[in-house]
Structures are given as structure tokens and as C-alpha cells.
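Residue numbers (the working numbering), protein chains in the order written: chain A, 1 to 240; chain B, 1001 to 1437.
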Amino acid sequence: MLSMKNINKVYQTEKVQTHALRDFDLEVSEGEFIAVTGPSGSGKTTFLNIAGMLESYSSGDYLLDDINVGKLSDNAKADLRNQKIGFIFQGFNLIPDLNLYENVEVPLRYRGIKSAQRKQRIMDCLEQVGLASRAKHLPQQLSGGQQQRVAIARALAGKPRFLLADEPTGNLDSLMARQVMDLLEQINRDGATIIMVTHDPELARRAPRNIQVVDGQLADFTLYQGAPDMHVSSHAAAQV
Amino acid sequence: MFFYYIDLAWRSFKRTPFVSMLMVLAIAVGIGITMTSLSVYYMMAMNPIPDKSDRLHVVQLNTMDEGQSQGSSDNLPQQLTYRDAMALYQQDFPENKVIHMRSGFAVHLGDSSIKPFLEATRMAGRDFFSMFNLEFQYGGAWSVEQEQNAAQVAVISQSLNEKLFGSENSLGKTFYLDDKVFQVVGVLDEWNLHTRFYDITTGAFSRTENIFIPFSLVPVLEVPSWGNTNGWKYQEINNYQDRLNAEIFWVQLWVELPNEQAKAQYGQFLQAYLSEQEALGRFERETPQYALRNVMEWLDYSNVVSDDNRVLVGLSFMFLIVCLANILGLLLGKFLKRAPEIGVRRALGARKRQVFAQHIVEVSLLGLFGGLLGIGIAQLGLWGVRATENYYSALATMDLSMLLAAPSISIIACIIAGLYPAWLVCKTAPAIYLKTQ
């Protein structure tokens, strides 16, 4: 489903070259739930941004559903993002002027879905995260955990096959973090592929597959028996 | 998506009401001032008789010695001598023509019911009304016989009819011009002529006359001219007959020439007429010189819209640009502050074009509000111009096209000011803001 080969990302300033990702290889299959861990500044978010086509990469090959992302125009990337990918952010990133219903509606608006269909889909998603009764509330009227659930509902609205979550529980207390994690597991069981960046080892352990990013390179290992196939980059394998 | 963008724009206004009002006010002031000067300019430059402006021509003849000038760009006098005007008016060709000049009298009813007052009067041929599209409330123009016989008949305006006879049908009623009794044969409908093209010499933007009497009365009553009289050589003028025969310019002649062929034909006639007059020893010229200008050419030739007016419009547009520069700065601040939200929208599938469109709709809405408020400010400005009762008072109005132009100019101006901020915000890399929000 997702295939990255020799992905490099270099940030260039006048005097300094920073390698955020180096020869990054990763294969992700349909239905996987992957936790990405690693120290701060190791390149986790850069990887997630590249996976979500929010950032370009300097070299390498990235295929999403066999589509070569490197050859896509900006508009095509936006469309692909809208159709295939859902984002969940640490800071929730809800739009403060819009109520919950309107926040969840955003990706559907850009997909051009008709009003009646949109309404049904939004209410289903809010129902799924247990917030249908608060559809008219503004984000700031909710707790952090509830806001993250709205963000998950928004990510699910477009029925994406691929969820990218960047520290989804980073701003939540442990109880709320567990609730959000329960929700993500449920979504994964329903068929979505999830890549989640986290600092929390407990949450990472709940993911069937863990990968670690260190200095922009990948270490890949599996915690559970019966998890999907291991994919170990050559560089990381050498380190292990 | 358009209505979605409108909704987002409205929310944006509500989110930052002070900045939004400041921008609306800035554009409104700019538009108000621009539309005030533009409306006056537009009314001045507007075609006063669009359905026949290309057919109506003013006749100019150079009946001066070579080297003499009347200060015009081609040295031609703006008016004709009485003898030339009459000679051309008495020709059969062209069919429609009008001779006229401006005079004035003391108007009264011969009793004490109305205090006598001075009133400008147009001495004119009977075709004046049909050629210049005047319509009648009662009656009509005087007859050919009345004109030939120099009958003391008059056509009066609606407002004068109201003043003298209380708006009733006054046909057949009489009133006095100085000590002469005149009978009313026609009462005009309202005549709103913003540019008095038929007689620029006495003020292109002066009001039209309220009294019209046959031109044939000029020699009979020896009426004084209330217009310009220009000469070019010394002549003894001891009585009115001397004045009629003198080489002085004080009468105007308009002809209706339906096409270029008729114009060329009449031009040839004028050339022959001038040669004939030169042969009589009236003046000495190397070549005969005449001009036939249609209405718009005549207004342009007479500098009805002066360079000052153009400069004023230019300055007001520059002021609008200054207002726009301020709006641009405010928009930059406002839009860039919203970059994190745009990052989210881009992550959720918004194309750059959609983000751009969202912001352009917002600035257009801003322009619309500014334009509407600007109309109010322009009305205040025009009211101020009218209140000065100066030369332009009658022109200080906004017609429908100017009312529609105000919001259109405002929207276009705001879109121009918003292009850069909208482009800047839509090209912002979304990833930067998603982590830092």
C-alpha cells in the first residue's frame, strides 16, 4: 500500500545542510497499525509529512497505492490526500470558528460531496466518536480528549484507507489517551491502515508493528506474534 | 463552493470585526472620493444627445483676415456673424438647421401679481425644439408664418409656466418681456440637459433657458446679446443695423447632416460661400477655412472637460491606491495569521486554487461592503459640491451606471489588493503550521 525506497530529505540553509531522512525504506501493507517512535528531532514528523504529501522529499521513490507521488502535481497530491488520507494531529487542529459538524465537514466540502450525503456521513462519524449530540458545539467548548475525537471523526469523514496520526495523545491525560487509542484500534479493526507517531511506549506497545526512527534512519521490529511481515531496512538491520 | 466561501468570509469578518471595519472604511473613503470626482467627470463627458450627436453639426467659418485668431486651436471663431448665419439659415439645404443666440428680458405679467424678474431668453429658429429633442407638455413650436412675420410668441419651460401661470395649460395666455406682450404657444416638458452643448460660449454647464422666442425678432426688437460678442477689426457701430452688418461673431448655427455625403456636400457649399464672401472684399485669406463639428467633436474642441477635471480624477484614483496599499497591509496581516488554518485545510485536501478562491471571495465581499458605503460617502461629496452652487452644481449627481460602477470598482480594487496576500497564504507550506498550532 505504501512503499518508500531510499527517501532522503535534506533541509538546506545558506551554511548548513540538515539530513532529516537518510535512505529511508519502508513498506506498509493494507490494514497495518504501525507505531513510529524515536527521539525528538529524529525525523518522525518529517516522515509523516512526506507520507501525507504535506512535504516534498529530496530524492528516492514513494509509491502510495502504486501511484508515484514524486510525479504528482500539487493539485493531484491535494486530491489524493483528500481521497486516501486522514490526518490526526497532536494539537487537534480544529478550526475554532466552525462547530463540530462544520469541522468534520471540511474534507467532504473539498471532495464536492452533496449536502444530504455529507450530513449523513458527518453524523455517522460524530456518532462513531460519541459526539453526535454535540454537533453544534464549538471546539473550545470541549475537553482535549473530546476535541481529539472530533479530529478523528474529521479524519474518518472522507473514509480514508490511510490514517496518519502525529502524537495523537500527546496533549491528553492518560485516561483520555487510552480512550483515543481504543478508538484508533477500533478504526484499524474496521480496515484502515494507521501510522501513528508517539513518544508513549505504552501506546506504542499496543500497535502490532513498531518502527523506530533514529537520525533520519529506520529501525523496524515487531512486538507481537502474528503481526504483519517485518520489513527491515538494510541500514537499520546492520545497527540491530 | 462559492457560497461556502461567502460563509467563511462572513465568519472571518465576525472574527476580526475591528480590522474588517477598518478595511471597509478605508476602501469606502477611497471609493467615495473617487466616485465623487468620477461622477462629475462622467456627467461632464457624457454625450448630451446620444441618438443624434453624430448628425448635429455646428457651423464655423473663418471670415477674418489671414493671421487673425480667436484663440481657438484652429483660429476659427466659435460663433458666426449675423449676416453669415442668416445667409446660411435662409438656404434650402440642409433641411434641418437652427439659428440661435442668447438674450434676456425683464419678465412680468403687466400687473402686480408677480414681481418682475430678469430671465435669459433663447432667440431661436423653430427647428430648435425638434433638432435638440425638446418635448412639449402643452402646444408646440411656433409656426413658419409666425417665424416669418416675427410674431411675438413664446415657448416657455415647465418651471416658468408654474411660476407665471401655476402649472395650468397656459396656451394663448400672455406675459411681458420688457414692455412687449408675448403669447404662449408651447410649454416644454422637463428638459434635463447636463451639458448645454448648443451654446458652449455662455457656459457648457449653465442651466437651459426658460423662454424661447423666434430669432426673427432679433432685428425687429433690436434685442441685446446676453452672450459673447467677439470682433477682429475696428468698425464703427452706431446703431443696431451697424451691429447686424458688422464683422462680429455673436450668432450660432447648427445643421443636421444625416450622413458623410451630406456633410461633404455641405462643406463644398460652405467653401464656395466663403470664396464668394472673400470676393466681396470682407476679408483676405489664402484658402477658405470652415469647420463642421458634430456634438462630441464640438465638446472636445471647446475643452468642455478641462485638464483640471482629468487631473482631479487622476488624483482621486491615486488616493484610492493609497487606501488600497493600507488594505493590502491589513490583509497581509490578517491572512498570514490564518496560515495554520490554511495548513489544516490543505492537509484535508484543499487545492491551492481553492484556498486562493476562498480569500479572493473574502476580499470581494470586503470590496462590496466598501463600495456600498463608498456610494454613501460619494453622495455626501456630491451634496457638498452641489451646496457650493458653483459651476458644476448641476453635474454633481450619480446616475445608475455610476451607482453600479462604485461597487464594481471597489470589488476590482480589493481583488487587486488581495491578490498578493491570497497568493502568499495559499503557497504557504502546510506542514510548517500543523505541528506548531
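Built from N, CA and C at the ideal position, the CB exists for glycine as well.
Fair warning: this is a prediction, and the values are worked out from it, not measured in the lab.
Quiz item: Using the rule of at least 16 other Cβ atoms within 10 Å of the residue's Cβ for burial, across every protein chain shown, is Asp1074(B) buried or exposed?
Solution: Taking the second sequence and counting its residues from 1, the one referred to as residue 1074(B) is at position 74. Looking at its Cβ environment, which holds fewer than 16 other Cβ atoms inside 10 Å, Asp1074(B) is exposed.
Self-check item: alpha helix (DSSP H) runs contained entirely in the region 1189-1268 of chain B, provided each spans 4 or more residues
Solution: 1217-1221, 1240-1245
Quiz item: Can His1108(B) and Met1123(B) be called in contact, C-beta distance under 8 angstroms?
Solution: Reading the second sequence from its first residue, position 108 is the one you call residue 1108(B). Reading the second sequence from its first residue, position 123 is the one you call residue 1123(B). Against a cut-off of 8 angstroms, the Cβ pair of Met1123(B) and His1108(B) comes out as no contact.
Self-check item: chain B contact residues for Asn49(A), given Cβ-Cβ distances below 7 angstroms
Solution: For the purposes of this step, residue 49(A) is taken as the residue at position 49 of the first sequence. Ala1431, listed in chain order.
Quiz item: Curious, which full-length alpha helix (DSSP H) runs of at least 4 residues does the region 1304-1387 of chain B contain?
Solution: 1307-1337, 1339-1347, 1352-1387
Quiz item: Any contact of the region 39-46 of chain A with the region 205-221 of chain A, i.e. 3+ C-beta pairs under 8 angstroms?
Solution: yes
Self-check item: Per-residue DSSP class, three states only, for Val129(A)
Solution: The sequence position of residue 129(A) within the first sequence is 129, counting from 1. DSSP places Val129(A) in coil when its eight states are reduced to three.
Quiz item: What residue does the beta strand (DSSP E) around Gln1068(B) start on, and which one ends it?
Solution: In the second sequence, the residue the question calls residue 1068(B) occupies position 68. It is not in any beta strand (DSSP E) - Gln1068(B) carries neither H nor E in the DSSP assignment.
Quiz item: What separation, rounded to the nearest whole angstrom, lies between the Cα atoms of Tyr997(B) and Val1040(B)?
Solution: Missing from the structure shown is residue 997(B); chain B here goes from 1001 to 1437 and no further.
Self-check item: CB contact check: Ile113(A) to chain B, cutoff 8 angstroms
Solution: On the first sequence, residue 113(A) is found 113 positions in, with the first residue counted as 1. Not one chain B Cβ lies under 8 angstroms of Ile113(A).
Quiz item: beta strand (DSSP E) containing Gly1104(B): first to last residue?
Solution: Counting from one through the second sequence, the residue named residue 1104(B) turns up at place 104. From DSSP, the beta strand (DSSP E) with Gly1104(B) extends over 1097-1108.
Quiz item: Where do the N-terminal and C-terminal ends of the alpha helix (DSSP H) with Ser1072(B) fall, by residue?
Solution: Along the second sequence, one-based indexing puts residue 1072(B) at 72. Run containing Ser1072(B): none; DSSP gives neither H nor E here.
Practice problem: Please classify Pro201(A): is it buried, with 16 or more other beta-carbons within 10 angstroms of its beta-carbon, or exposed? | Solution: Here residue 201(A) refers to the residue found at position 201 of the first sequence. Result: exposed.
Quiz item: Near Pro96(A), what residues of its chain come up, given a Cβ to Cβ distance below 8 angstroms and the 5 sequence neighbours on each side ignored?
Solution: As a working note, residue 96(A) is residue 96 in the first sequence. For Pro96(A), where only same-chain residues beyond five positions count, the Cβ hits under 8 angstroms are Leu138, Pro139, Gln140.
Self-check item: Backbone CA spacing between Glu1286(B) and Phe1175(B) [nearest angstrom]
Solution: Sequence index remark: in the second sequence, residue 1286(B) carries index 286 (1-based). Sequence index remark: in the second sequence, residue 1175(B) carries index 175 (1-based). Those two C-alpha atoms are separated by around 51 angstroms.
Quiz item: How many Å lie between Ala236(A) and Arg22(A) at the Cα?
Solution: Counting from 1 along the first sequence, the entry for residue 236(A) is found at position 236. Counting from 1 along the first sequence, the entry for residue 22(A) is found at position 22. Residue placement at Ala236(A) is poorly supported in this model, since its pLDDT is 38, which falls under 50; the coordinates still yield a value, given next. Each residue's alpha carbon lies about 11 angstroms from the other.
Self-check item: Per-residue DSSP class, three states only, for Asn1169(B)
Solution: Taking the first residue of the second sequence as position 1, residue 1169(B) is located at position 169. In the structure shown, Asn1169(B) sits in coil (DSSP, three-state: anything other than H, G, I, E or B).
Self-check item: Distance, Val197(A) Cα to Ala207(A) Cα
Solution: Locating residue 207(A) in the first sequence gives position 207, where the first residue counts as 1. Locating residue 197(A) in the first sequence gives position 197, where the first residue counts as 1. Their Cα atoms are separated by approximately 11 angstroms.
Practice problem: Would you list, in chain order, the members of the region 170-184 of chain A that have their beta-carbon closer than 7 angstroms to a beta-carbon of chain B? | Solution: none
Exercise. For Pro247(A), go through chain B and note every residue whose CB falls closer than 7 angstroms to its CB, in chain order.
Key: Given that chain A is displayed from residue 1 to residue 240, the structure contains no residue 247(A) and the question cannot be resolved.
Exercise. Spatial neighbours of Gly145(A) within its chain, please: CB distance less than 7 angstroms, with the 5 preceding and 5 following residues excluded, ordered by chain position.
Key: Translated into positions along the first sequence, residue 145(A) becomes position 145. Closer than 7 angstroms at the Cβ level, and outside the excluded window around Gly145(A), lie Leu172, Met176, Gln179, Val180.
Quiz item: Considering only C-alpha positions, which residue in the set Ala1357(B), Thr1081(B), Gly1032(B), Leu1292(B) is nearest to Phe1003(B)?
Solution: Working through the second sequence from its first residue, we reach residue 1003(B) at position 3. Ranking Ala1357(B), Thr1081(B), Gly1032(B), Leu1292(B) by Cα distance to Phe1003(B) puts Ala1357(B) first.
Quiz item: DSSP state of Tyr1273(B), grouped into three classes?
Solution: Here residue 1273(B) is taken as the residue at index 273 of the second sequence, counted from 1. The answer is helix: DSSP assigns Tyr1273(B) an H, G or I state.
Self-check item: Three-pair Cβ contact test at 8 angstroms for the region 1041-1057 of chain B versus the region 1224-1231 of chain B
Solution: no
Quiz item: Within 8 angstroms (strictly less), CB to CB, does Leu52(A) reach chain B?
Solution: Here the question's residue 52(A) lines up with position 52 in the first sequence. For the record, residue 52(A) in the displayed sequence is Gly; it is not Leu. Chain B, which has a Cβ nearer than 8 angstroms to the Cβ of Gly52(A), makes this yes.
Quiz item: Taking all protein chains shown into account, do 16 or more other C-beta atoms lie within 10 angstroms of the C-beta of Tyr57(A), making it buried, or fewer, making it exposed?
Solution: In the first sequence, the residue the question calls residue 57(A) occupies position 57. It is buried - the Cβ of Tyr57(A) has at least 16 other Cβ atoms within 10 Å.
Quiz item: Would the beta-carbon of Ala76(A) fall within 8 angstroms of that of Leu203(A)?
Solution: As a working note, residue 76(A) is residue 76 in the first sequence. As a working note, residue 203(A) is residue 203 in the first sequence. Cβ atoms of Ala76(A) and Leu203(A): not closer than 8 angstroms.
Exercise. Helix, strand or coil for Gly86(A), going by three-state DSSP, please let me know.
Key: Translated into positions along the first sequence, residue 86(A) becomes position 86. In the structure shown, Gly86(A) sits in a strand (DSSP, three-state: E or B).
Exercise. Within 10 angstroms of the Cβ of Gln186(A), are there 16 or more other Cβ atoms? Answer buried if so, exposed if not.
Key: For this step, residue 186(A) is matched to residue 186 along the first sequence. Exposed.
Quiz prompt | Cut-off 7 angstroms between Cβ atoms - residues of its own chain near Gln225(A), not counting five sequence neighbours on either side | solution = On the first sequence, position 225 is the one that residue 225(A) refers to. Bear in mind that a pLDDT of 39 at Gln225(A), under 50, signals an unreliable position, so the number given afterwards is only what the model happens to contain. So the list is empty, once near-sequence residues are dropped.
Quiz item: Going along chain B, which residues have a C-beta under 7 angstroms from Asp65(A)?
Solution: Start at 1 with the first residue of the first sequence, and residue 65(A) comes out as number 65. Those within 7 angstroms of Asp65(A) in chain B number zero; the least Cβ separation is about 16 angstroms.
Quiz item: Of the residues that make up the region 1333-1345 of chain B, which ones have a beta carbon closer than 9 angstroms to any beta carbon in chain A?
Solution: Pro1340, Glu1341, Gly1343, Val1344, Arg1345
Self-check item: Beta-carbon separation (whole angstroms), Leu1419(B) vs Ile1375(B), contact threshold 8 angstroms
Solution: For the purposes of this step, residue 1419(B) is taken as residue 419 along the second sequence, with counting starting at 1. For the purposes of this step, residue 1375(B) is taken as residue 375 along the second sequence, with counting starting at 1. Incorrect: roughly 24 angstroms between the Cβ atoms, too far for contact.
Quiz item: So, does the CB of Asn93(A) fall closer than 8 angstroms to a CB anywhere in chain B?
Solution: Along the first sequence, read from residue 1 onward, the residue named residue 93(A) stands at position 93. Yes, contact with chain B.
Practice problem: Take every Cβ of the region 1087-1103 of chain B, pair it with every Cβ of the region 1209-1227 of chain B, and state whether three or more of those distances are shorter than 8 angstroms. | Solution: yes
Self-check item: the region 115-127 of chain A: positions lying closer than 8 angstroms to chain B by Cβ
Solution: none
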